[in-house]
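Here the numbering used here is used: the first residue of the sequence shown is 1, the next is one more, and so on.
All C-beta atoms in this analysis are idealised placements derived from N, C-alpha and C, irrespective of residue type, glycine included.
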Amino acid sequence: MPMRIWKTSLATTDLGETKKASLLFSAGGISVCRAVAKGLALYKQVLIASLFGATRLADSFFVATAIPEMLLGILGINTFRRVATSVFAHLDAKGEQENMQRLFSSLFNFILILTGVTASLAVVFAPAIISILAPGFSLADREIAAKIARIALPVLVFLGLANFVSSVLNAFHRFFVPALIQVVLNAVMVAFILVFHTRLGIYAVAWGFLFGHLASLVVQLPSLRRLRLGISTVFVPFDPLIRKSLLLALPLFVSMFAAQISNFSVKFLGSFLSGGKIAALSYSGFLISAVIVLAAEPFLIVLMPRFANQVALGKLDTMRDELAKSVKIFILLFFPLSVWLVLLSFPIVRLLFQRGVFTPEATTITSAVLAIFSLRLLPSVLSLLFVRVFLAIQKTVPVMWVNLFTSTVQILLNFILVDSLDVKGLAIANAAAALLQMLLFWRLVDSSIGFSRGKQFIPFFGKVILATSLLGMGVRFFLNFAGRISPLGTVTGSVLAVLGSLLLGLIIYSAASFVLKIKESREVARSLRSIMGVH
Numbered sequence: 001m002p003m004r005i006w007k008t009s010l011a012t013t014d015l016g017e018t019k020k021a022s023l024l025f026s027a028g029g030i031s032v033c034r035a036v037a038k039g040l041a042l043y044k045q046v047l048i049a050s051l052f053g054a055t056r057l058a059d060s061f062f063v064a065t066a067i068p069e070m071l072l073g074i075l076g077i078n079t080f081r082r083v084a085t086s087v088f089a090h091l092d093a094k095g096e097q098e099n100m101q102r103l104f105s106s107l108f109n110f111i112l113i114l115t116g117v118t119a120s121l122a123v124v125f126a127p128a129i130i131s132i133l134a135p136g137f138s139l140a141d142r143e144i145a146a147k148i149a150r151i152a153l154p155v156l157v158f159l160g161l162a163n164f165v166s167s168v169l170n171a172f173h174r175f176f177v178p179a180l181i182q183v184v185l186n187a188v189m190v191a192f193i194l195v196f197h198t199r200l201g202i203y204a205v206a207w208g209f210l211f212g213h214l215a216s217l218v219v220q221l222p223s224l225r226r227l228r229l230g231i232s233t234v235f236v237p238f239d240p241l242i243r244k245s246l247l248l249a250l251p252l253f254v255s256m257f258a259a260q261i262s263n264f265s266v267k268f269l270g271s272f273l274s275g276g277k278i279a280a281l282s283y284s285g286f287l288i289s290a291v292i293v294l295a296a297e298p299f300l301i302v303l304m305p306r307f308a309n310q311v312a313l314g315k316l317d318t319m320r321d322e323l324a325k326s327v328k329i330f331i332l333l334f335f336p337l338s339v340w341l342v343l344l345s346f347p348i349v350r351l352l353f354q355r356g357v358f359t360p361e362a363t364t365i366t367s368a369v370l371a372i373f374s375l376r377l378l379p380s381v382l383s384l385l386f387v388r389v390f391l392a393i394q395k396t397v398p399v400m401w402v403n404l405f406t407s408t409v410q411i412l413l414n415f416i417l418v419d420s421l422d423v424k425g426l427a428i429a430n431a432a433a434a435l436l437q438m439l440l441f442w443r444l445v446d447s448s449i450g451f452s453r454g455k456q457f458i459p460f461f462g463k464v465i466l467a468t469s470l471l472g473m474g475v476r477f478f479l480n481f482a483g484r485i486s487p488l489g490t491v492t493g494s495v496l497a498v499l500g501s502l503l504l505g506l507i508i509y510s511a512a513s514f515v516l517k518i519k520e521s522r523e524v525a526r527s528l529r530s531i532m533g534v535h
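Given below as structure tokens:
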């Protein structure tokens, strides 16, 4: 079945061989920002874990501050984040400055009005929302969560607008400032925790959450002026470009709504478990998202407008080749990393979080969840890549159906597994749904553009699995050896286990990749050298 692709015949500079260095430089700059941001975010999580542990108080915070993100998904606002980069990249390729300004102002004002009204209503009905979201909480816990929610809910406005603006900036290959906003957000939150936690307790984190998101929006506004995209009162709801954007976003809205219902089921069921289980899921989820943000998102952000540009110019063969190479590189990187995280989950959690009121029992629970979540790392990264392909070719209906199906599967698994496996059941449901989602996306993308070309991936898979098996055996042997020197339950033992196994794993995997002649490993090495400026 032929693809429907918005093509343009107007001349635009191709992001081809001459821009590989620029691509790597952009990804490298984003990586630096993301590394700083995640370093601050990790410190923030360590502070929260140390001060509030894996307790019902921490559960209340994580439930309340998840509401703005849930509402963004339910309202469909985050769909504009995904659609905007593709649409504005196409308009930029055609040089339609007036249309870009009109579309930007209309969408900005639409998001502002919708999120503002919703946030106001949610503040009023915060206690009812908490009661629906976490019915297993006690009355006192629900009251605390409602107070935190009322502080955090204006974030709905700031986050919706900040995400939209960053996506527009990415369409014009302005990657640094959008990458910088997470640095600002986490720096503000850390400052609020350090300065105010003794007086405000958990509410200091909530106020930092609010002002951090406000700052993340404000810091991007000067970049818009340089692109001649000012904020105005223009709002043309029936403009053809608005209708096109809304139609493109509609399937994504449905899929994100389903994803938020799935997230709701996790919070709902987690509220009936013993205190701290929602916090354990949040701490583990943060670590996995940190890996994705640091190692995958810099390239995903750069690839999105690149794919859109190639589609606009009708250069689908180039896009297929880059997609196939990207898939192989992600498999080469994230499959062994997943195995390493499974094996090192306990010492990682022990090293990062076990201090203050974060108990050894909390470490055991959180590390078990982290080990299961690690299995979703590669599927999640590949799914993010495939979604960007669908956005580039402007086919979002398949994304909707896949997310609807996998969200339904996860919800069913949540209810089936939680009784027998407790919080581990929720983690297994999440990982299983992520794997299913990736397999379905792979099949649909391949049927649309034919990137996998038959059996070309099978020998590659075999080599990666063999190299990773050698890594796993080497790391397991080292952990047994290190445990005799210093128990993993101690700080010294955790440091030795994490650093030693990381170094040994890199040596074993690199050597195995060389012996097995995995050519993509050389591509990764060249990319890393280019990013670091080493020739």
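Look at the stretch 412-484 and you find these whole runs of alpha helix (DSSP H), each 4 residues long or longer: 423-449. One alpha carbon belongs to Ser274, the other to Asn309, and they sit about 50 Å apart. Contact between the stretch 38-54 and the stretch 180-188 is present, with at least three C-beta pairs closer than 8 Å.
For Phe330, the uninterrupted alpha helix (DSSP H) run begins and ends at Leu316 to Phe353, by DSSP.
Only residues of its own chain outside the window of five on either side were considered, and among them Trp340, Leu343, Ser501, Leu504 and Gly505 have a CB closer than 7 Å to the CB of Val475, listed in chain order. Of the candidates Ser282, Val445, Pro298 and Met319, the residue whose Cα lies closest to the Cα of Arg306 is Met319. In the DSSP annotation of this structure, the continuous segment of the alpha helix (DSSP H) that includes Ile67 starts and ends at Arg56 to Leu75. In the structure shown, Ser282 adopts helical secondary structure according to DSSP, grouped into three states. Contact annotation: His213 and Val177 have beta-carbon atoms that are not nearer than 7 Å. Within the stretch 175-263, the runs of alpha helix (DSSP H) at least 4 residues long that lie entirely inside it are, in chain order, 176-200, 202-218 and 221-226. Between Val63 and Lys267, the gap from beta carbon to beta carbon is short of 7 Å. In the structure shown, Ile301 falls within a helical segment according to DSSP collapsed to helix, strand and coil. Taking a cut-off of 8 Å on C-beta distances, the stretch 189-201 touches the stretch 43-50, as three or more cross pairs fall below it.
With contacts defined as CB atoms closer than 7 Å, Ala512 and Leu470 qualify as a contacting pair. Within the model, the alpha-carbon separation for Thr490 versus Arg350 is close to 8 Å. Distance from the CA atom of Ala249 to the CA atom of Leu139, rounded to whole angstroms, is 39 Å. The beta carbon of Ala152 lies closer than 8 Å to those of Ala64, Thr65, Ile67, Pro68, Ala206, Phe209 and Leu210 in the same chain, with the five residues before and after it left out. Under the three-state reduction of DSSP output, Gly136 falls in the coil class, being neither helix nor strand. Using a Cβ-Cβ distance cut-off of 8 Å, the stretch 49-64 and the stretch 351-366 are in contact, since at least three pairs of beta carbons, one from each stretch, lie closer than that value. Residue environment: Asn78 is assigned as buried (16 or more neighbouring CB atoms within 10 Å of its CB, all protein chains considered). Arg226 counts as exposed, since fewer than 16 other beta carbons sit within 10 angstroms of its beta carbon. The DSSP assignment places no complete beta strand (DSSP E) segment of no fewer than 3 residues inside the stretch 143-171. Per DSSP, the continuous alpha helix (DSSP H) segment holding Ala497 begins and ends at Val491 to Val515. Between Val254 and Met70, the CB-CB gap reaches or exceeds 7 Å. Between Ala427 and Ile372, the CB-CB gap stays under 7 Å. Two segments are said to touch when three or more pairs of C-beta atoms, one from each, lie closer than 8 Å; by this definition the stretch 123-132 does not touch the stretch 162-173. Taking Asp141 as reference, the option from Val123, Met100, Ser60 and Phe335 with the minimal CA-CA separation is Ser60. Linking Phe457 to Val515 through their CA atoms gives a straight-line distance of about 18 Å. In terms of Cα proximity to Phe264, the closest of Leu103, Asp422, Ser407 and Ser86 is Ser407. In the three-state DSSP reduction, Thr79 falls in the helix class (H, G or I). In this chain, the alpha helix (DSSP H) harbouring Ala371 covers Pro360 to Ser374. With contacts defined by Cβ atoms closer than 7 Å, Arg174 and Ser216 do not form a contacting pair.
Of Ala119, Ala187, Ala296 and Met256, the smallest CA-CA separation from Ser326 is found for Ala296. A buried status is given to Met438, since no fewer than 16 other beta-carbon atoms sit within 10 Å of its beta-carbon. Nearest in C-alpha terms to Phe441, of all of Val495, Phe478, Lys463 and Ser380, is Ser380. In this structure, the alpha-carbon of Val311 lies about 18 Å from that of Pro398.
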